[in-house]
Amino acid sequence: MNKALIIITTLLGIILITVAGIYNNQINNDENANKSWGDVEATYQRRADLIPSLVETVKGYAAHEKETLQAVTEARQQVTNIQAEIGTAGELDAAAMQKLVGAQEQMSSALSRLLVTVEKYPDLKANQNFLDLQHQLEGTENRINVARQRYNADVAALNKSVRGILGRMVSGMSGVNVRQSFEATAGSEIAPKVSFQ
Amino acid sequence: MLATSIFAKDVPEPSGHVTDLAKMLKTNQEAELEELLLSYKKTTSNEIAVLIIDSLEGEVLEQYSVKVAQQWGVGKKEKDNGVLLLISKRDRKIRIEVGYGLEGTLTDVLSGRIVDGEITPEFKDGNFYEGIKSGVDMIIKVIDGEYTEENVQEEISSDVNLLVLGACAFVIALIGAFQWIAGGISGGIIGGFIFWILFGPGFIILGVILGAIVGVIGGFILRIIAESEGGGSSSSGSYSSGYSSSSNSSFGGGSFGGGGASGSW
Chain P
1 MNKALIIITT
11 LLGIILITVA
21 GIYNNQINND
31 ENANKSWGDV
41 EATYQRRADL
51 IPSLVETVKG
61 YAAHEKETLQ
71 AVTEARQQVT
81 NIQAEIGTAG
91 ELDAAAMQKL
101 VGAQEQMSSA
111 LSRLLVTVEK
121 YPDLKANQNF
131 LDLQHQLEGT
141 ENRINVARQR
151 YNADVAALNK
161 SVRGILGRMV
171 SGMSGVNVRQ
181 SFEATAGSEI
191 APKVSFQ
Chain W
1 MLATSIFAKD
11 VPEPSGHVTD
21 LAKMLKTNQE
31 AELEELLLSY
41 KKTTSNEIAV
51 LIIDSLEGEV
61 LEQYSVKVAQ
71 QWGVGKKEKD
81 NGVLLLISKR
91 DRKIRIEVGY
101 GLEGTLTDVL
111 SGRIVDGEIT
121 PEFKDGNFYE
131 GIKSGVDMII
141 KVIDGEYTEE
151 NVQEEISSDV
161 NLLVLGACAF
171 VIALIGAFQW
181 IAGGISGGII
191 GGFIFWILFG
201 PGFIILGVIL
211 GAIVGVIGGF
221 ILRIIAESEG
231 GGSSSSGSYS
241 SGYSSSSNSS
251 FGGGSFGGGG
261 ASGSW
């Protein structure tokens, strides 16, 4: 009688501990994903913050490039709009992610077009201000890449812990759901080429 | 957003602060740099590493650089105060990778200026040692003052503490498993002693109480586990110190976010 009680208690204990372990793991993964999503948003914001100075500096030397400058400013506005629309929810569904990525990638291509245009203006290229901004932009782009990669890794870990057999059962309790990762939109790896006559 | 190539280049083993895999530096030059960076670490806790590779083998400079820096764990874990200077000889590329903790001082702009102004000109003239040396000197000048000797003194090696506590707790519990009174007493004594050494005389009583509790309750738990397995005491394998250090380098486990600057010559 005593032995049986001990065995049952131990079994229940093991089940409880296992479920608690899975639950906690999911919560951890969720928090990690939240944190790395925060990094993604922060790095995107960092880039958006650089744009006004960049536009001003380029304007000083290349006022004729109105269209290119305009495109950059508009792309930035679009990013801000989408951000407001989506809000700062940590969990974005596929559609919202698509919008956000789309706006950011438009920003990226407007920027690279601008930088290509700058090649025509040696004075601008030699300007210390511009050189500094260029370093900052490169640094920001790199941070964005790193942040996205890390977010994807966290999302992969999270999804794994929520989609397994046991994970599914527990995720009802923990409220942790599958998340959307970043997927490159087709063709975004190829920088737009502009040729000069 | 580039996917990682399946031909991704491996992260090499670091050999001290300066790892020269492309034989860009003479032995005495490497030794001088090593000495400089080692003593810099000792006085400021900032970790600067230099890696010279022969070729990136197709990998993107920035991706490889942050991979190496992160895996090596350059910089102290709590401070993320690390910098990696990566040079790829055949690609003729340079990058300064800055850890989270130093991004505020060694900004992208400053990193960029160091690459452009200090390192690249020398490299263009074929003066590799001079380029690296002046780059490192400038990096040091920029980040100096961020951390002082006081901060370094305050570091109690928390890793060792945890290990010691864990081991003692287990031994006490074992004693308690055999005889709970003995467990309680030995726990109290050992606990008080350990807490006195690690935290100071004010913590003796706390140590005694905690030690006794661990002895009695820990012993009780171990007993139940032992009895339900029908015999022999189990050496509780669940006792992991929970400590993962960064690979096998002598760096502190600092993290990187992608800040820094690249250049080429």
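Quick mapping for you: the protein sequence lines, in order, are chains P and W.
According to the working numbering, the residues represented by the first sequence are 1 to 197, in order.
According to the working numbering, the residues represented by the second sequence are 1 to 265, in order.
For every residue, glycine included, the Cβ atom is placed at its ideal position computed from N, Cα and C.
- Cβ shell of W:SER157 (< 7 Å), same chain only, five flanking positions each side left out: Stepping through the second sequence from its first residue, residue 157 of chain W is reached at position 157. Note on W:SER157: pLDDT 46, under 50, position unreliable in the model; no value is reported.
- Query: Straight-line CA distance for W:VAL152 to P:GLN180?
  - Reply: Within the second sequence, the letter at position 152 stands for residue 152 of chain W. Within the first sequence, the letter at position 180 stands for residue 180 of chain P. Confidence in W:VAL152 is poor, its pLDDT being 38 and thus under 50, which makes the residue's placement unreliable; the coordinate value appears in the next sentence. Within the model, the alpha-carbon separation for W:VAL152 versus P:GLN180 is close to 42 Å.
- Message: Out of P:LEU111, P:ASN152, P:GLY175, P:GLN83, which one is the CA nearest neighbour of P:TRP37?
- Response: In the first sequence, counting from the first residue as 1, residue 37 of chain P sits at position 37. Checking every option, the nearest Cα to that of P:TRP37 belongs to P:ASN152.
- Task: Anything in chain P within Cβ reach of W:VAL66, meaning under 7 Å, just list it in chain order.
- Result: For the purposes of this step, residue 66 of chain W is identified with residue 66 of the second sequence, where counting begins at 1. Those are VAL146, listed as they occur along chain P.
- Task: Can you say whether P:LEU137 is buried or exposed, counting buried as having 16 or more other CB atoms within 10 angstroms of its CB?
- Result: In the first sequence, counting from the first residue as 1, residue 137 of chain P sits at position 137. Buried, since its Cβ has 16 or more Cβ neighbours within 10 Å.
- Residue range of the unbroken alpha helix (DSSP H) whose run includes P:VAL19: The residue labelled residue 19 of chain P in the question sits at position 19 within the first sequence. 2 to 61 is the span of the alpha helix (DSSP H), which, as asked, contains P:VAL19.
- Kindly indicate if chain W contains any beta-carbon less than 8 Å away from that of P:SER181. Within the first sequence, the letter at position 181 stands for residue 181 of chain P. Residue-level contact check: P:SER181 does not touch chain W, since none of the beta carbons of chain W fall below 8 Å from its beta carbon.
- Query: Any idea if W:SER262 is buried or exposed, counting beta-carbon neighbours within 10 angstroms, 16 or more meaning buried?
  - Reply: To locate residue 262 of chain W, count along the second sequence from 1; it is residue 262. Result: buried.
- Nearest CA to the CA of W:ILE139: which residue from W:PHE128, W:TRP180, W:LEU110, W:ILE94? The residue you call residue 139 of chain W lines up with position 139 of the second sequence. Per the Cα distances, W:LEU110.
- What first and last residue would you give for the beta strand (DSSP E) that runs through W:LEU51? On the second sequence, position 51 is the one that residue 51 of chain W refers to. Element bounds for W:LEU51: 47 to 53.
- How many Å lie between W:LYS68 and P:ALA156 at the Cα? Locating residue 68 of chain W in the second sequence gives position 68, counting from the first residue. Locating residue 156 of chain P in the first sequence gives position 156, counting from the first residue. The sequence given here has Val at residue 68 of chain W, not Lys. The straight-line gap from Cα to Cα measures roughly 22 Å.
- So, are the CB atoms of P:VAL176 and P:LEU114 less than 8 Å apart? By one-based count along the first sequence, residue 176 of chain P stands at place 176. By one-based count along the first sequence, residue 114 of chain P stands at place 114. Result no, Cβ atoms of P:VAL176 and P:LEU114 do not sit closer than 8 Å.
- Query: Measuring CB to CB, does W:ASP108 end up less than 8 Å from P:HIS135?
  - Reply: Here residue 108 of chain W is taken as the residue at index 108 of the second sequence, counted from 1. Here residue 135 of chain P is taken as the residue at index 135 of the first sequence, counted from 1. Closer than 8 Å, so yes.
- Query: Counting along the chain, where does the beta strand (DSSP E) carrying P:ALA110 start and finish?
  - Reply: Here residue 110 of chain P refers to the residue found at position 110 of the first sequence. Careful: P:ALA110 lies outside any beta strand (DSSP E), inside the alpha helix (DSSP H) at 94 to 118.
- Message: If you reduce the DSSP assignment to three classes, tell me which class W:VAL60 lands in.
- Response: Position 60 of the second sequence, counting from 1, holds the residue named residue 60 of chain W. DSSP places W:VAL60 in coil when its eight states are reduced to three.
- Query: Hey, which unbroken runs of the alpha helix (DSSP H) at 4 residues or more fall wholly within the segment 174 to 212 of chain W?
  - Reply: 180 to 199
- Grouping DSSP H, G and I as helix and E and B as strand, with all else coil, what is W:SER262? Position 262 of the second sequence, counting from 1, holds the residue named residue 262 of chain W. Three-state DSSP puts W:SER262 in a strand.
- From W:LEU84, W:GLY75, W:SER88, residue whose alpha carbon lies closest to that of W:GLU57: To locate residue 57 of chain W, count along the second sequence from 1; it is residue 57. Of W:LEU84, W:GLY75, W:SER88, the residue nearest in Cα terms is W:SER88.
- Task: Thinking W:GLN70 and W:SER255 are a contact (beta carbons under 8 Å), I'd like their distance in whole angstroms, please.
- Result: Taking the first residue of the second sequence as position 1, residue 70 of chain W is located at position 70. Taking the first residue of the second sequence as position 1, residue 255 of chain W is located at position 255. Going by Cβ atoms, the distance from W:GLN70 to W:SER255 rounds to 7 Å, so yes, they are a contact pair.
- Task: Could you tell me which chain P residues have their CB closer than 7 Å to the CB of W:ASP80, listed as they occur along the chain?
- Result: For the purposes of this step, residue 80 of chain W is taken as residue 80 along the second sequence, with counting starting at 1. Those within 7 Å of W:ASP80 in chain P number zero; the least Cβ separation is about 13 Å.
- Give every residue of the same chain whose Cβ lies closer than 6 Å to the Cβ of W:GLY346, excluding the five residues on either side of it in the sequence, and list them in chain order. Chain W is shown from 1 up to 265; residue 346 of chain W falls before or after that span and cannot be answered.
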